[in-house]
Structure formats: C-alpha cells, structure tokens
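Undergrad: End of the sequence shown = 1703 in the numbering used here, gap-free, step of one.
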Amino acid sequence: MVSIATWNINSVRLRLPIVERFLKEEAPDVLCLQEIKCQEHQFPAAALAELGYEHQAIHGQKGYHGVATVSRIPLKEFNRHDWQANGEARHVGVELLGPGKGMVLENVYVPAGGDEPDREKNPKFGQKLDFLSRMTDWAAKIDRPTMIVGDFNIAPLESDVWNHKQLLKVVSHTPIEVETLANFQAAHDWVDLGREFIRDPERYYSWWSYRAKDWKANDRGRRLDHMWASPELARQAKSHRLREDARDWEKPSDHIPLITEFAL
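#1: Does DSSP classify Ile-1615 as helix, strand or coil?
#2: Would you say Asn-1602 and Gly-1552 are within 8 Å of each other, going by their C-beta atoms?
#3: For Pro-1696 and Leu-1681, which I take to be in contact (beta-carbon distance under 8 Å), what is that distance rounded to the nearest angstrom?
#4: I need the DSSP call for Ile-1457, collapsed to helix, strand or coil.
#5: Going by C-alpha distance, which of Asn-1525, Leu-1663 and Ser-1648 is nearest Asn-1657?
#6: In angstroms with no decimal places, state the Cα-to-Cα distance between Leu-1511 and Thr-1445.
#7: Please state the DSSP three-state secondary structure of Ser-1678.
#8: Given 8 Å as the limit, is there contact between the region 1615-1625 and the region 1562-1577, that is, 3 or more CB pairs closer than that?
#9: Among residues of its own chain, excluding the 5 on either side of Ile-1581, which ones have a beta-carbon nearer than 6 Å to its beta-carbon?
#10: Our contact map puts Glu-1545 next to Ile-1587 with C-beta atoms below 8 Å; I'd like the distance itself, whole angstroms only.
#11: Measure how close the beta-carbons of Arg-1659 and Tyr-1643 come, nearest whole angstrom, since I'm counting them as under 8 Å.
#12: Can we say the region 1489-1499 touches the region 1670-1690, given the rule of at least three CB pairs closer than 8 Å?
#13: Taking DSSP as the reference, what is the three-state secondary structure of Ser-1692?
#14: Determine whether the beta carbon atoms of Asp-1664 and Ser-1678 lie at a separation below 8 Å.
#15: What residues match up with Val-1588 in a beta bridge as DSSP calls it?
#16: Classify Lys-1567: buried if its beta carbon has 16 or more other beta carbons within 10 angstroms, exposed otherwise.
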C-alpha cells in the first residue's frame, strides 16, 4: 500500500507543528503541500527529514504561493510548469522511485481568482481560467499513470458547497469555473477519487473560511482540494479519507488534509 496526502497548509513555517502532528498520526508515504509561502532555502526540510520525509521536491517563492512534495519513498523531480505564465511557484511534479515506482505525482495550487467572477473587471479571474486552460492542454498529452492533487480552488458539485444557489455567483463555484474544470477532467479522463469514495450528494468539504467564528456551527464549507488520477491508477485506489478535525488544531490552516491509499 502507498498512501498519498495533500494539504494546503497556508504557511508551512507558521504551521510546522501541525504538519509534524499530521505526519506522526497518519504517516502517509507522500505529503503534497500547497501555499508553503516561503523560498526553497527557508523550507523546514531538516525538521521533516527527521520524521522520515527526507525525499523532497520544493518549488517556493518569497511570501506567497509555493508547493512542496515530501516523501518517505525515494523520488525525483519530474517537472515544473508555469501554467499562469507569470513565474509564480504553483506546481511541482515528481516520479516515485520506490514503492509505486513509475507513478507520476503532480502537486498544484490553482489561483484563487479574486472576488469578482468577471475577467474584464477582475484580471485575476481571467488568469485562473487561463491557468486551467493551459493545464487542460497539458493533460491531453499525458501518457503515463499520473495523479494530480492539490488546491484546485473550485468546488464543482452542488454537494461540494454549503449552499449551491447562494454561491453560484461566488468565485470557486461559478458555472464558468465548473465548466472549465470539467474540460480539464475530460482531457485525460481524470477520476475524481474523493467522489469515488464519498459519493455525491454526500456532503464533502475541505475548506472553511477563517471569517467564521465557529466553523463547525456554521459549517459553510467548500470542497476546494482534490485528488484525481489516471483511470488505470484510479482502479488501484483502495481508500480515501479526510482529517476534518485538523481544522480545529492549534493555529490551523483553513484547509484540511486528504489521504488516498493505493495498492500498487
């Protein structure tokens, strides 16, 4: 069994204690982090290596964005794509070299897209759609068993948000974003592993805003984080779960970790 986890940590240095807690409690083979918010030399590589995660691929930048994949399994960095075409650190891909050898694991942080779902009024929204369009062109050419995980910043299904009707005009759940993500999914026939195990219309959220005083009571969540796989790889997935309790840990991220296990 090989277990893969993903988590938008919202500053890895600030939240290192809960990353360490998660790794000790869940012990995934690989952890993909998004929004690490640090340069590569600032990443807490030594602290994670001490926990057994000595194999690392880090794509960082100063203060913003950034992704990192840390692993107990040997790996090699496979690629870095600039799907926003502006130099931001939003992707790193690795190839597993130990158990699961040959599997390609892509770790991505899709832009949030600003507040206004109109590319004319809000250039950030257009950048998000263009990012996904470039990802779609890339996905159409994939010819190896691949998994893509991370913060997609889109909740596609009605059951992925706390109120479908209220969020139809809110960035992350607008029809144009959902359609754009569906085009990306179709380009490689990606299997949405979360929804293979937690079937629609069951409630499934991975993010709750910091603005809510009591996130549990309001439960105004959205499923922004995803784990998708090539069809042949998806057939080897044996379980999928989330650590919703991590939203309550000390100094939490606004996202929670997801874990998928494979029989490879």
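All C-beta atoms, glycine included, are put in the ideal place defined by N, C-alpha and C.
TA: To lay it out plainly:
#1: Translated into the one-based positions of the sequence shown, residue 1615 becomes position 176. In the three-state scheme derived from DSSP, where H, G and I count as helix and E and B as strand, Ile-1615 is classed as helix.
#2: What you label residue 1602 is simply residue 163 of the sequence shown in a count that begins at 1. What you label residue 1552 is simply residue 113 of the sequence shown in a count that begins at 1. No. Outside cutoff.
#3: The residue given as residue 1696 occupies position 257 in the sequence shown. The residue given as residue 1681 occupies position 242 in the sequence shown. So it is a contact: roughly 7 Å between Cβ atoms.
#4: On the sequence shown, residue 1457 is found 18 positions in, with the first residue counted as 1. Of the three classes helix, strand and coil, the one that applies to Ile-1457 here is helix, per DSSP.
#5: Within the sequence shown, residue 1657 is the residue found at index 218, counting from 1. Comparing C-alpha distances from Asn-1657 to each of Asn-1525, Leu-1663 and Ser-1648 shows the shortest one belongs to Ser-1648.
#6: Counting from one through the sequence shown, the residue named residue 1511 turns up at place 72. Counting from one through the sequence shown, the residue named residue 1445 turns up at place 6. Note on identity: in this sequence residue 1511 is Arg, with Leu being the wrong assignment. Each residue's CA atom was taken as its position, placing Arg-1511 and Thr-1445 some 15 Å apart.
#7: As a first step, residue 1678 is located in the sequence shown; it is residue number 239 there, counting from the start. In the three-state reduction of the DSSP assignment, Ser-1678 falls in the strand class.
#8: Cβ pair count under 8 Å is three or more, so yes.
#9: Start at 1 with the first residue of the sequence shown, and residue 1581 comes out as number 142. Non-local beta-carbon contacts of Ile-1581 in its own chain, meaning distances under 6 Å to residues more than five positions away in sequence, involve His-1627 in chain order.
#10: By 1-based counting over the sequence shown, the position of residue 1545 is 106. By 1-based counting over the sequence shown, the position of residue 1587 is 148. Taking 8 Å as the upper bound for CB-CB distance, Glu-1545 and Ile-1587 are in contact here, some 4 Å apart.
#11: What you label residue 1659 is simply residue 220 of the sequence shown in a count that begins at 1. What you label residue 1643 is simply residue 204 of the sequence shown in a count that begins at 1. Contact between Arg-1659 and Tyr-1643 does not hold, since the beta-carbon distance rounds to 14 Å and is not under 8 Å.
#12: Output reads no: the region 1670-1690 does not touch the region 1489-1499.
#13: Residue numbering aside, residue 1692 sits at position 253 when the sequence shown is read from its first letter. Correct three-state label for Ser-1692: coil.
#14: Translated into the one-based positions of the sequence shown, residue 1664 becomes position 225. Translated into the one-based positions of the sequence shown, residue 1678 becomes position 239. In this structure, the beta-carbon distance from Asp-1664 to Ser-1678 does not fall below 8 Å.
#15: Translated into the one-based positions of the sequence shown, residue 1588 becomes position 149. Under DSSP, Val-1588 shares a beta bridge with Asn-1546 and Met-1666.
#16: Here residue 1567 is taken as the residue at index 128 of the sequence shown, counted from 1. By the 10 Å Cβ count, Lys-1567 comes out buried.
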